[in-house]
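Asks: Numbers 1 to 350, taken from full-length UniProt numbering, label the letters of the sequence shown in order.
From the three backbone atoms N, C-alpha and C, an ideal C-beta is built for every residue, glycine too.
Computed from a predicted model, the values in this text were never measured in an experiment.
Here it is: the structure, laid out below.
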Amino acid sequence: MSNFLTSTTANPNPNKSFEVAQPPNDSVSSLSFNPKANFLVATSWDNQVRCWEIMQNGVNLASMPKASISHEYPVLCSTWKDDGTTVFSGGCDKQVKMWPLTSGGQPMTISMHDAPIKEIAWIPEMNLLVTGSWDKTMKYWDTRQSNPVHTQQLPERCYALTVRHPLMVVGTADRNLIVFNLQNPQVEFKRITSPLKYQTRCLAAFPDQQGFLVGSIEGRVGVHHLDDSQQGKNFTFKCHREGNDIYSVNSLSFHPVHHTFATAGSDGAFNFWDKDSKQRLKAMARCSQPIPCSTFNNDGSIFAYSSCYDWSKGAENHNPATAKTYIFLHLPQEAEVKGKPRLNTSSGRK
């Protein structure tokens, strides 16, 4: 088994990315960019939600810590309201906090679950928040009310969730993938078993809402179309592997302009892919620690990723005295994220 994650000489930043100032004291669980401006929020296992302003000057980036709030226990997920004013966060204290960050307001608890909250998303078209929990429920919230608008029972614990209205996909334990048409949000549209043989780790809805990506702990991604007539386009591919060592795919993020996507994994690597031409566009150098989460900013000019221990190798491979958490910012070159033409056409991507 490779021991690169515990090597003291390994390079924490082999891609020469920009390092975010004053990162969390413990591992990062989620990263979310403001949809209107370059403010980055990170949630972490030290019970904190932090925000930085990211300033860009040509090919240089700088970061400035702006504010932070606390939960009682580790925070697992975050999302922004579509107007860029408010951050929502949830985690092991079973609470959702609403933080009117840009106005300098104080956070308030707006909703509760009976177990930790693993996933959270804002749905602008419905003006509702959706949360997925290990209590085997998903709840829709009007932030002005203390009770959920609707509680949806899930077959198992929620592990992953993605929304591109009207499409929403929820991944649970036992490899269930539940598809919702948000024009009828209280009814399951379709329930399928993951095309991947191992536990679901992450999901990303296609930008055109015609399907989704699913990533698993077994270093594999599935590309799945919803239309029955498009099933021939479905495929899976291996990634985040090194010889016989297989690592989890932790994050899937579509580029907001080119609609290519990034994967990030416990092998410490992030890669850019084009699902339409079935090509890897760029393989980046592996960091010395896993990458548990990543995201693009609103125009795709910045790719943020965290590098820190994710417990994928257990407590015996974690040394609290030397462990360090990083948040890095990468400026994608066009060749890294722009789709390539299909090999059997001359017209390029459609």
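Going straight from the alpha carbon of N57 to that of D46, what length do you get?
Replies: When only Cα atoms are considered, N57 and D46 end up about 31 Å apart.
Asks: Which residues in the same chain as S32 place their Cβ atom closer than 7 Å to its Cβ, once the five residues preceding and following it in sequence are excluded?
Replies: V41, S78, T79, W80, T295
Asks: With C-beta atoms as the reference, is Y140 less than 8 Å away from H150?
Replies: yes
Asks: Looking at F272: is its Cβ nearer than 8 Å to the Cβ of E334?
Replies: no
Asks: If we ignore side chains and look at the alpha-carbon of each, how far apart do D208 and L167 end up?
Replies: 9 Å
Asks: Pair every Cβ in the stretch 321-330 with every Cβ in the stretch 9-22, then say whether three or more of these pairs are closer than 8 Å.
Replies: yes
Asks: Shortest alpha-carbon distance to W134 belongs to which of S248, T172, L203?
Replies: T172
Asks: Are L182 and G222 close, meaning C-beta to C-beta below 8 Å?
Replies: No Cβ-Cβ contact shorter than 8 Å links L182 with G222.
Asks: Would you kindly work out how many angstroms separate the C-alpha atoms of F39 and R50, rounded to a whole number?
Replies: Here the alpha carbon of F39 sits roughly 10 Å from the alpha carbon of R50.
Asks: Do V169 and S216 come within 8 Å of each other at the CB atom, strictly closer than that value?
Replies: no
Asks: Quick check on the DSSP output: the beta strand (DSSP E) that includes V169 runs from which residue to which?
Replies: 167-172
Asks: Out of curiosity, what's the CA-to-CA distance linking R342 and H258?
Replies: Each residue's Cα considered, the two are about 15 Å apart.
Asks: Measure the alpha-carbon distance for G232 versus P24 and round it to whole angstroms.
Replies: Approximately 44 Å, taken between the alpha carbons.
Asks: Using a Cβ-Cβ cut-off of 7 Å (strictly less than) and excluding sequence neighbours within five positions of Y198, which residues of its own chain qualify?
Replies: Cβ neighbours of Y198 beyond the five flanking positions: S216, I217, E218.
Asks: How many Å lie between H330 and D142 at the Cα?
Replies: 35 Å
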